[in-house]
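Below you'll find the structure, written out as C-alpha cells, and then a few comments.
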Amino acid sequence: MTGLIIFLGIFVVLIVWGIHIRNTIVRYFNATKRAWAEVANFERQKVKTLEALEDTLSKYTVFEKSTLEQVTALRQQIMNLNVNDTDIAKLQQIEKLNTDLMRSLNVVVENYPELKADTLYSKMMDDIQEQNENVGAAITIFNRNVELFNNHIQIFPNNLVNTMTLAKKAIRPFRDPVIDRNFDYKPNF
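Heads up: the sequence shown begins at 121 in our numbering, then just goes up one per residue.
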C-alpha cells in the first residue's frame with residue numbers, strides 16, 4: 121500500500137512538472153510572437169512618414185525617379201510584413217531596402233541642397249531615424265525572446281515534453297547580412 125502511494129505521488133509530481141514545462145514553452149512562444157508583432161508594428165509606423173516623404177520627394181524627383189521608387193517599394197514591403205507570421209527573410213529584405221533608401225536620400229540631398237533646408241524633409245528624416253532605432257530595439261528584444269524560446273524547447277527534458285505535447289520548432293533569429301559581412305570578430309568558443 122505504501123509503495124502504491126509513493127508511486128502515485130511520484131506520478132502526480134511528474135505530471136505537474138510536465139504541465140509546468142509545457143506552460144513555460146507556451147509562455148516563451150507567445151512572448152516571441154509578441155516581440156515579432158512589435159517589430160512589425162514599428163516597421164509599419166514608418167509608412168506614414170514614407171508617404172509624406174514620397175510627396176516631398178516628388179517635387180525633386182525629375183532626375184531622381186529611382187529614389188521615389190525605392191520609397192514606394194519600401195512602403196509596400198512594410199505593408200506586406202505579416203504580424204502573425206515570423207518572416208525573417210522579409211524583414212531582412214525590408215532592412216536592406218531601408219539601408220539602400222537612406223543612401224539614395226543622401227545623394228538626393230547632395231543634388232538638391234534646397235531639399236536639405238526644407239524643414240518638413242528634416243523632420244521626416246529625424247522621424248525615420250527614430251523609427252529605425254525603434255525597429256533596432258524591437259529586433260533586439262525579438263532575438264532575446266527567440267533565444268529564450270529556442271533554449272527552452274531544446275534542453276532536456278523540455279524537448280521531450282515539447283515533442284509529445286506541442287511540437288514547436290525552433291525559430292530563426294533575425295540577422296543582418298550587411299552587418300555580418302562587415303563584422304569580422306569571431307569569438308573562440
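All C-beta atoms in this analysis are idealised placements derived from N, C-alpha and C, irrespective of residue type, glycine included. Since the model is a prediction, treat every value here as computed from it, not as a measurement.
Inset, instruction - May I ask which residues mark the beginning and end of the alpha helix (DSSP H) holding Arg292? - result: Translated into the one-based positions of the sequence shown, residue 292 becomes position 172. Premise fails: Arg292 is in no alpha helix (DSSP H) and is neither H nor E.
Legend entry - Option nearest Asn254 by Cα separation, candidates Glu158, Ala151, Ile145, Arg142: Locating residue 254 in the sequence shown gives position 134, where the first residue counts as 1. Comparing Cα-Cα distances from Asn254 to each of Glu158, Ala151, Ile145, Arg142, the minimum goes to Glu158.
Legend entry - Per-residue burial, Asn308 [other beta carbons within 10 Å of its own, 16 or more giving buried]: Walking along the sequence shown from the start, residue 308 turns up at place 188. Note that Asn308 scores 49 on pLDDT, short of 50, meaning its location in the model is unreliable and no value can be drawn from it.
Inset, instruction - Using alpha carbons as the reference points, say which of Thr219, Gln274, Phe294 lies closest to Ala258. - result: On the sequence shown, position 138 is the one that residue 258 refers to. Closest option to Ala258, judged by alpha-carbon separation, among Thr219, Gln274, Phe294: Phe294.
Legend entry - Short Cβ contact (7 Å threshold) for Arg195 with Val167: Taking the sequence shown and counting its residues from 1, one reaches residue 195 at position 75. Taking the sequence shown and counting its residues from 1, one reaches residue 167 at position 47. In contact: Arg195 and Val167 (Cβ atoms closer than 7 Å).
Inset, instruction - Return the CA-CA distance between Ala155 and Ile130, expressed in angstroms with no decimal places. - result: By one-based count along the sequence shown, residue 155 stands at place 35. By one-based count along the sequence shown, residue 130 stands at place 10. Going from the Cα of Ala155 to the Cα of Ile130 covers about 37 Å.
Inset, instruction - Quick one: using the 10 Å Cβ neighbour count with 16 as the cut-off for buried, is Val133 buried or exposed? - result: As a position in the sequence shown, residue 133 is number 13, starting the count at 1. By the 10 Å Cβ count, Val133 comes out exposed.
Inset, instruction - Note down the Cα distance separating Ile248 from Thr169, rounded to an integer number of angstroms. - result: Counting from one through the sequence shown, the residue named residue 248 turns up at place 128. Counting from one through the sequence shown, the residue named residue 169 turns up at place 49. Distance from the CA atom of Ile248 to the CA atom of Thr169, rounded to whole angstroms, is 7 Å.
Legend entry - 7 Å CB neighbourhood of Val266 in its chain, flanking five on each side removed: The residue you call residue 266 lines up with position 146 of the sequence shown. These residues qualify, in order along the chain: Thr152, Ile291, Pro293.
Inset, instruction - Give me the Cα-Cα distance between Asp175 and Ala160, rounded to the nearest whole angstrom. - result: Translated into the one-based positions of the sequence shown, residue 175 becomes position 55. Translated into the one-based positions of the sequence shown, residue 160 becomes position 40. Taking the Cα positions, Asp175 is about 24 Å away from Ala160.
Inset, instruction - Note down, one range per segment and in chain order, each beta strand (DSSP E) of at least 3 residues found wholly within the segment 238-265. - result: Listed in chain order, there is nothing to give.
Legend entry - Rounded separation between Thr187 and Thr260 - CA only: Counted from its first residue, the sequence shown places residue 187 at position 67. Counted from its first residue, the sequence shown places residue 260 at position 140. Thr187 and Thr260: Cα-Cα distance of roughly 29 Å.
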